[in-house]
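Quick note: the sequence shown, position 1, residue 9 per the working numbering, numbers continuous. Encoded as structure tokens, the structure appears first; notes follow it.
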Amino acid sequence: YNLQLQCILAVYKTAGIGITNDPRIIYELMYYTSDLFSLGPAIYLLLLPGPVRQFLARIVMDAFQKISSRNVVQTAYGIPGILSYFLAFFAMYGVRRLLSGSFIVIYTIMSLSNLITWFNAWMFLKLRHESLFMFYYEWLSKIPLLVNAHSFLISHLYFVQNIDLLLLTFDRFAVIISMMKN
9 YNLQLQCILA VYKTAGIGIT NDPRIIYELM YYTSDLFSLG PAIYLLLLPG
59 PVRQFLARIV MDAFQKISSR NVVQTAYGIP GILSYFLAFF AMYGVRRLLS
109 GSFIVIYTIM SLSNLITWFN AWMFLKLRHE SLFMFYYEWL SKIPLLVNAH
159 SFLISHLYFV QNIDLLLLTF DRFAVIISMM KN
């Protein structure tokens, strides 16, 4: 956690905000950076040149004043994650002859289900408390079928993600076994 706290403190120092002024963002960042896999964006922000780092920190802090801190942090970590899927697809397209067809199909399905799960949960659960998106929820209350579809997807897409991971694991085990037999 020392590295995480140092990253958070560096972002705060770059933005010119003292920790004692508004500690809410630290709690939200710790919520999302509790594992090492999600530390990437904070570290990338530290590696950027000074003016770029200050510009990005200012954008985050300006947005922080308008929407809840949890949604700012989730967006700051979610959007680069979504963009990394496109980078992974581009890389897989380049080496598609080296990968098995089943792996590419399973990875594509898994990526799409992850993106749909994130977007649906963000729209239906996270933006509910934002005044900028109240029009959507007022419109949504008039269409019960869409509310039911959101609820169904919230509860079932997580199972889809687990099944995708199980299929990917079986595919990799099948490749390992076939290589051991040959």
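Idealized CB from N, CA, C, for every residue including glycine.
Span of the alpha helix (DSSP H), counted from its first residue to its last, around residue i
| i | result |
| --- | --- |
| tryptophan 130 | Where tryptophan 130 is concerned, there is no enclosing alpha helix (DSSP H), given that its DSSP letter is neither H nor E. |
Exposure of residue i, with buried meaning 16 or more beta-carbon neighbours within 10 Å
| i | result |
| --- | --- |
| alanine 157 | exposed |
| tyrosine 9 | Because the pLDDT at tyrosine 9 is just 43, under 50, the model does not fix this residue reliably, and the point stays unresolved. |
| tyrosine 166 | exposed |
| alanine 96 | exposed |
| leucine 182 | The displayed chain sequence assigns alanine, not leucine, to residue 182. Alanine 182 comes out exposed. |
| alanine 99 | exposed |
Heavy atom of the ligand MG within 8 Å of residue i beta-carbon
| i | result |
| --- | --- |
| arginine 105 | Judged by which ligands are present, the structure shown has none, so any question about the ligand MG falls away. |
Report task. Tell me the start and end of each unbroken alpha helix (DSSP H) in the stretch 141-187 that is at least 4 residues and wholly inside, in chain order. Result -> 142-149
Report task. Check whether the stretch 85-96 touches the stretch 133-145, counting contact only when three or more Cβ pairs, one atom from each stretch, lie closer than 8 Å. Result -> no
Query - Given 8 Å, three or more beta-carbon pairs between the stretch 104-122 and the stretch 174-183 - result: yes
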